[in-house]
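Quick notes on the structure that follows.
Number of protein chains: 4
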Amino acid sequence: MAGTTENGGRPVPQRLLAAATRLFADQGYDRTSVQEIVEAAGVTKGALYHYFGSKDDLLHEVYGRVLRLQQERLDALAGTDAPVERRLRQAAADVVVTTIENLDDTKIFFRSMHHLAPEKLRQVRAERRRYHERFRALVEEGQRSGVFSRATPADLVVDYHFGSVHHLSSWYRPDGPLAAQEVADHLADLLLRALRP
Amino acid sequence: MAGTTENGGRPVPQRLLAAATRLFADQGYDRTSVQEIVEAAGVTKGALYHYFGSKDDLLHEVYGRVLRLQQERLDALAGTDAPVERRLRQAAADVVVTTIENLDDTKIFFRSMHHLAPEKLRQVRAERRRYHERFRALVEEGQRSGVFSRATPADLVVDYHFGSVHHLSSWYRPDGPLAAQEVADHLADLLLRALRP
Amino acid sequence: MAGTTENGGRPVPQRLLAAATRLFADQGYDRTSVQEIVEAAGVTKGALYHYFGSKDDLLHEVYGRVLRLQQERLDALAGTDAPVERRLRQAAADVVVTTIENLDDTKIFFRSMHHLAPEKLRQVRAERRRYHERFRALVEEGQRSGVFSRATPADLVVDYHFGSVHHLSSWYRPDGPLAAQEVADHLADLLLRALRP
Amino acid sequence: MAGTTENGGRPVPQRLLAAATRLFADQGYDRTSVQEIVEAAGVTKGALYHYFGSKDDLLHEVYGRVLRLQQERLDALAGTDAPVERRLRQAAADVVVTTIENLDDTKIFFRSMHHLAPEKLRQVRAERRRYHERFRALVEEGQRSGVFSRATPADLVVDYHFGSVHHLSSWYRPDGPLAAQEVADHLADLLLRALRP
DNA sequence: CATGAATGAGTGTTCATTCAT
DNA sequence: AATGAATGAACACTCATTCAT
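Residue numbers (the working numbering), protein chains in the order written: chain W, 1 to 197; chain S, 1 to 197; chain Y, 1 to 197; chain X, 1 to 197.
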């Protein structure tokens with residue numbers, strides 16, 4: 001209808017983004033050629049450059065999508081009036097579930113970030129920092145109110161947890177023995193147990 | 001006279017490896033050209049191809065060095081007759097310290113692994129697995145003897161901790177506020193606290 | 001209401017031609033994209049291809065305009081019944097003035113001619129030749145009547161003068177010390193002095 | 001012998017430069033692809049980029065060669081102790097002869113200069129200016145000593161003459177009726193006649 | 001042991017042009 | 001009369017690797 005939906009039913013930019021995401025995750029950004037992307041999306045190079053300014057623009061779009069998604073979910077969860085330990089547990093588990101649900105994006109995120117142009121890299125890092133700070137605020141809130149131990153600085157705690165989240169893409173297999181929610185519960189549990197006073 | 005020690009005092013292969021390590025860490029494997037490596041090492045291309053079969057052979061050597069180092073240290077620490085919680089704490093802290101001391105290698109490890117030829121990749125993964133299994137054995141030993149909680153499967157616990165270790169190269173700065181040993185103690189502490197029954 | 005005068009008050013084809021002239025002169029024909037031209041003219045690509053068959057059609061139009069202009073002026077000046085040395089002086093000065101007044105077109109003319117399709121190139125060259133021949137006739141007339149020296153073949157004289165005319169676009173600056181008319185008088189004077197018997 | 005003379009007897013860089021010169025002159029810089037150049041020289045792209053940093057480096061080399069040549073000749077001619085009118089006549093004629101003998105280079109010079117990278121362009125312009133100034137000094141010397149008319153500013157005189165020199169590549173044909181030296185004598189004569197007091 | 005000239009397949013990107021609407 | 005999505009061929013340039021010396 002829109003003139004951009006001929007082949008695969010979905011609009012061309014979405015098809016390109018989906019193809020790029022899969023290929024970047026499988027082979028890495030550098031090992032993926034623009035030619036491969038357009039072939040996988042069933043269009044020509046000209047079409048890609050009609051919608052995206054460059055190859056690393058595609059990467060930026062991938063990041064944008066997952067960053068927005070996770071920020072929204074964290075904002076929603078952290079903003080409730082549940083007790084802080086409950087909010088932290090939910091946030092910690094939720095980021096695991098959405099990471100597993102978007103494992104390709106995450107894999108790309110932590111493997112190919114350094115291929116972004118400096119300006120875009122700065123922007124992505126700023127958004128990432130905002131996300132981490134919101135999470136850290138939860139930890140600090142619990143530490144101040146005494147429900148969490150003060151033994152470890154809050155930002156180290158955050159890095160500890162997000163390390164394990166990033167690491168998911170290295171070992172988690174959707175067809176493995178553990179469902180996303182089970183992993184999430186276990187990892188959130190480890191975090192909360194580590195924070196017991 | 002030795003023929004391999006002309007310029008920098010150190011043998012040519014070592015100079016090449018050191019140059020490659022620094023460049024791979026700074027710019028990534030793909031963004032580093034063979035030309036850059038040989039220039040940084042003060043030799044010519046012919047010399048590189050005399051000692052190494054290919055560019056990804058250099059990568060493989062970088063991996064080999066750090067893998068051997070960490071395996072040796074873990075074997076030594078895990079093999080003592082100290083109580084298991086003490087051995088786990090020491091192992092967990094030690095891997096943090098040696099990771100920070102070899103941050104370039106670690107950065108390369110988790111960013112460029114997928115550039116290895118399939119055969120070499122399999123080999124690296126096998127060595128990595130062996131390392132993780134030794135670590136997991138410590139967790140399981142403690143769980144069996146009741147000093148660690150059985151709430152979380154041991155391999156998840158291992159992945160939890162190593163996630164944070166891999167993540168170090170994303171945020172740790174040698175000129176930051178925390179010394180390597182302090183970070184190590186904190187992270188080991190978090191692990192041990194999470195495992196409290 | 002006319003449908004071709006929407007934005008700038010001037011008809012679309014003229015806007016396109018003016019934009020193309022400026023851009024071709026500033027950046028050269030090859031360095032100017034059709035996209036730039038239509039953006040500068042405030043229209044879209046479809047509009048350009050509605051009025052012009054191709055990019056080099058625009059170039060051809062630029063040439064046509066300046067060639068027609070100069071031919072008309074030469075015809076008018078050469079056709080008077082003033083003495084031949086006066087007519088040649090006027091013609092020689094006039095082409096300098098109109099060249100300076102249309103410096104963009106001239107710049108394009110001598111820099112981008114070779115980008116015309118062969119057929120159009122032949123046509124432009126034919127018109128150019130006609131122009132030169134009219135000029136040469138003046139020189140020959142003066143040589144026959146004895147007011148100009150016969151030392152140099154007339155066509156060499158013409159090439160000598162037009163060389164300096166073409167060269168104007170390489171050095172003349174509107175904000176420089178000499179007005180167009182001053183340069184014109186000087187160059188015409190040099191020509192006439194060279195032709196003194 | 002040197003390992004760079006296999007095919008055509010001449011070293012690879014020279015073969016590349018010769019091929020590029022001919023093609024740039026025939027088709028223009030923009031219309032000539034690197035692929036065409038290396039095919040004409042009988043080497044591969046890699047070889048070209050082994051010796052030249054970029055396509056416009058080739059252009060720069062072409063300029064360098066002809067600029068050096070003409071500067072040397074002018075320096076030699078202007079430095080003798082012959083009367084100034086004789087020195088100017090010789091210089092004016094000589095630049096015509098060497099221009100015709102290197103007509104390809106000259107064609108390139110005035111058609112493709114604007115494709116040079118800004119830094120190289122500045123350098124070429126500086127060398128060109130030096131050349132013009134040396135020439136202008138001759139005119140001024142004659143004007144001061146009274147053998148040349150003061151009616152026209154010296155730099156306009158220089159531009160007048162060099163206009164006709166640049167223009168040569170537009171009309172001179174080696175197989176035409178006039179030998180290079182004949183053209184040179186005529187053009188020098190025109191200049192000197194124009195300068196008669 | 002080591003050189004460095006040369007290869008050749010591959011890269012991301014540009015752009016004049018077309019055509020369904 | 002005009003749009004703008006899409007084409008597809010061409011472009012300059014890179015680089016790991018080879019090999020005669």
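Where is the CB? At the ideal position from N, CA and C, for every residue including glycine.
query = I think L78 (chain Y) touches R134 (chain Y), with their Cβ atoms under 8 Å apart; what is that distance to the nearest whole Å?
reply = On the third sequence, position 78 is the one that residue 78 (chain Y) refers to. On the third sequence, position 134 is the one that residue 134 (chain Y) refers to. According to the sequence displayed, residue 78 (chain Y) carries Ala and not Leu. A78 (chain Y) to R134 (chain Y), Cβ: 6 Å. Contact.
key: Delimiting residues of the alpha helix (DSSP H) encompassing D75 (chain W)   = Locating residue 75 (chain W) in the first sequence gives position 75, counting from the first residue. From DSSP, the alpha helix (DSSP H) with D75 (chain W) extends over 55-78.
message = If you reduce the DSSP assignment to three classes, tell me which class Y51 (chain Y) lands in.
response = Stepping through the third sequence from its first residue, residue 51 (chain Y) is reached at position 51. In this structure, Y51 (chain Y) counts as helix in the three-state DSSP scheme.
Straight-line Cα distance separating E61 (chain X) from T5 (chain X) = As a first step, residue 5 (chain X) is located in the fourth sequence; it is residue number 5 there, counting from the start. As a first step, residue 61 (chain X) is located in the fourth sequence; it is residue number 61 there, counting from the start. Residue confidence for T5 (chain X) is low, a pLDDT of 40 falling below 50, so the modelled location carries little weight; the figure read from the coordinates is stated next. Looking at the two C-alpha atoms, the distance is approximately 20 Å.
ask   = According to the neighbour-count rule (16 or more other Cβ atoms, all chains shown, within 10 Å of its Cβ), is Q27 (chain Y) buried or exposed?
value = Taking the third sequence and counting its residues from 1, the one referred to as residue 27 (chain Y) is at position 27. Result: exposed.
Whole-number beta carbon distance between L23 (chain Y) and E36 (chain Y), since they are thought to touch under 8 Å = As a position in the third sequence, residue 36 (chain Y) is number 36, starting the count at 1. As a position in the third sequence, residue 23 (chain Y) is number 23, starting the count at 1. About 6 Å separates the two Cβ atoms, so the contact holds.
task = Taking V96 (chain X) and L187 (chain X) to be in contact with their CB atoms under 8 Å, please state how far apart those CB atoms are, rounded to whole angstroms.
result = As a position in the fourth sequence, residue 96 (chain X) is number 96, starting the count at 1. As a position in the fourth sequence, residue 187 (chain X) is number 187, starting the count at 1. Sure, about 5 Å apart at Cβ, within 8 Å.
query = Can you tell me the Cα-Cα spacing of Y160 (chain S) and V43 (chain W), whole angstroms?
reply = Your numbering for residue 160 (chain S) matches position 160 in the second sequence. Your numbering for residue 43 (chain W) matches position 43 in the first sequence. Cα to Cα, the separation comes out at about 42 Å.
Beta carbon of G163 (chain X) nearer than 8 Å to that of S164 (chain Y) = For the purposes of this step, residue 163 (chain X) is taken as residue 163 along the fourth sequence, with counting starting at 1. For the purposes of this step, residue 164 (chain Y) is taken as residue 164 along the third sequence, with counting starting at 1. For G163 (chain X) and S164 (chain Y), yes; Cβs fall inside 8 Å.
key: Partners in chain S for T152 (chain W), counting only beta-carbon separations shorter than 7 Å   = As a working note, residue 152 (chain W) is residue 152 in the first sequence. Result: H186, D189, L190.
Extent of the continuous alpha helix (DSSP H) run through Y160 (chain Y) = By 1-based counting over the third sequence, the position of residue 160 (chain Y) is 160. Per DSSP, Y160 (chain Y) belongs to the alpha helix (DSSP H) from 154-171.
Contact set between T146 (chain X) and chain Y, taken where Cβ atoms lie within less than 9 Å = If you number the fourth sequence from 1, residue 146 (chain X) lands on position 146. What sits at residue 146 (chain X) in the sequence shown is Gly, not Thr. None at all; the shortest Cβ gap to chain Y is about 16 Å.
key: Same chain, Cβ closer than 7 Å to L116 (chain S), neighbours up to 5 away in sequence not counted   = On the second sequence, residue 116 (chain S) is found 116 positions in, with the first residue counted as 1. Hits under 7 Å: D56, L59, H60, V124.
ask   = On the three-state DSSP scale, how would you describe E141 (chain X)?
value = Here residue 141 (chain X) refers to the residue found at position 141 when the fourth sequence is read from its first residue. DSSP places E141 (chain X) in helix when its eight states are reduced to three.
task = Kindly list the residues whose CB is nearer than 6 Å to the CB of E127 (chain Y), restricted to its own chain and excluding five residues on each side of it in sequence; keep chain order.
result = As a working note, residue 127 (chain Y) is residue 127 in the third sequence. L67.
task = State the DSSP-derived secondary structure class of Y29 (chain W), mapped to helix, strand or coil.
result = Counted from its first residue, the first sequence places residue 29 (chain W) at position 29. It is coil, neither helix nor strand.
ask   = For V157 (chain S), which option in S:R196, S:T80, S:G64 has the closest C-alpha, if you only look at C-alpha atoms?
value = As a position in the second sequence, residue 157 (chain S) is number 157, starting the count at 1. The option with the nearest alpha carbon to V157 (chain S) is S:R196.
Under the three-state DSSP convention, the category A117 (chain S) falls into = Counted from its first residue, the second sequence places residue 117 (chain S) at position 117. Of the three classes helix, strand and coil, the one that applies to A117 (chain S) here is coil, per DSSP.
query = Between the segment 43-77 of chain S and chain W, which residues of the former have CB atoms less than 9 Å from a CB of the latter, in chain order?
reply = none
key: Integer-rounded CB distance, given that V38 (chain W) should sit under 8 Å from A47 (chain W)   = Residue mapping note: residue 47 (chain W) aligns to position 47 of the first sequence, counting from 1. Residue mapping note: residue 38 (chain W) aligns to position 38 of the first sequence, counting from 1. Contact flag correct, Cβ pair sits at about 7 Å.
query = Quick one: what does DSSP say T44 (chain S) is sitting in, helix, strand or coil?
reply = Counting from one through the second sequence, the residue named residue 44 (chain S) turns up at place 44. Looking at T44 (chain S) - three-state DSSP - the assignment turns out to be coil, as it is neither helix nor strand.
key: Beta carbon of D175 (chain W) nearer than 8 Å to that of D30 (chain S)   = For this step, residue 175 (chain W) is matched to residue 175 along the first sequence. For this step, residue 30 (chain S) is matched to residue 30 along the second sequence. Not closer than 8 Å, so no.
message = Could you compute how far the alpha carbon of R122 (chain S) sits from the alpha carbon of G53 (chain S)?
response = Here residue 122 (chain S) is taken as the residue at index 122 of the second sequence, counted from 1. Here residue 53 (chain S) is taken as the residue at index 53 of the second sequence, counted from 1. Cα to Cα, the separation comes out at about 18 Å.
P83 (chain X) in three-state terms, based on DSSP = Along the fourth sequence, read from residue 1 onward, the residue named residue 83 (chain X) stands at position 83. The answer is coil: DSSP assigns P83 (chain X) none of H, G, I, E or B.
query = Would you say D104 (chain Y) reaches chain X, if we count a Cβ-Cβ gap shorter than 8 Å as a contact?
reply = Along the third sequence, read from residue 1 onward, the residue named residue 104 (chain Y) stands at position 104. No, its Cβ sits nowhere closer than 8 Å to a Cβ of chain X.
query = Cβ of G176 (chain W) less than 8 Å from any chain S Cβ?
reply = Indexing the first sequence from 1 puts residue 176 (chain W) at position 176. Cβ-Cβ to chain S under 8 Å: no for G176 (chain W).
ask   = Hey, is S33 (chain X)'s beta-carbon within less than 8 Å of any beta-carbon in chain Y?
value = Taking the fourth sequence and counting its residues from 1, the one referred to as residue 33 (chain X) is at position 33. By this cut-off, S33 (chain X) is not an interface position.
Inter-residue spacing [alpha-carbon to alpha-carbon] between Y172 (chain S) and D104 (chain S) = Working through the second sequence from its first residue, we reach residue 172 (chain S) at position 172. Working through the second sequence from its first residue, we reach residue 104 (chain S) at position 104. The straight-line gap from Cα to Cα measures roughly 12 Å.
inquiry  = I need the boundaries of the alpha helix (DSSP H) containing V183 (chain X), first residue and last residue.
reply    = In the fourth sequence, the residue the question calls residue 183 (chain X) occupies position 183. Element bounds for V183 (chain X): 180-195.
ask   = Tell me which same chain residues have a C-beta within less than 7 Å of the C-beta of L223 (chain Y), skipping the five on either side of it?
value = Since the displayed chain Y opens at 1 and closes at 197, residue 223 (chain Y) lies outside it and no answer follows.
query = Where R111 (chain S) and Q70 (chain W) are concerned, what is the direct C-alpha to C-alpha distance, given to the nearest angstrom?
reply = Here residue 111 (chain S) is taken as the residue at index 111 of the second sequence, counted from 1. Here residue 70 (chain W) is taken as the residue at index 70 of the first sequence, counted from 1. In a straight line, the C-alpha of R111 (chain S) is about 23 Å away from that of Q70 (chain W).
inquiry  = Within 10 Å of its beta-carbon, does A2 (chain S) have 16 or more other beta-carbons around it, so buried, or fewer, so exposed?
reply    = What you label residue 2 (chain S) is simply residue 2 of the second sequence in a count that begins at 1. Confidence in A2 (chain S) is poor, its pLDDT being 39 and thus under 50, which makes the residue's placement unreliable; the coordinate value appears in the next sentence. Counting Cβ neighbours within 10 Å, A2 (chain S) comes out exposed, since fewer than 16 surround it.
ask   = According to DSSP, is S149 (chain S) helix, strand or coil?
value = Locating residue 149 (chain S) in the second sequence gives position 149, counting from the first residue. S149 (chain S) falls in the coil class under three-state DSSP.
ask   = If the cut is a Cβ gap below 8 Å, which residues of chain W does G28 (chain S) touch?
value = Within the second sequence, the letter at position 28 stands for residue 28 (chain S). Neighbours of G28 (chain S) on chain W, chain order: D30, H114, H115.
inquiry  = Using a 10 Å radius around the Cβ and a threshold of 16 neighbouring Cβ atoms, would you call N7 (chain W) buried or exposed?
reply    = For the purposes of this step, residue 7 (chain W) is identified with residue 7 of the first sequence, where counting begins at 1. Bear in mind that a pLDDT of 48 at N7 (chain W), under 50, signals an unreliable position, so the model cannot answer this.
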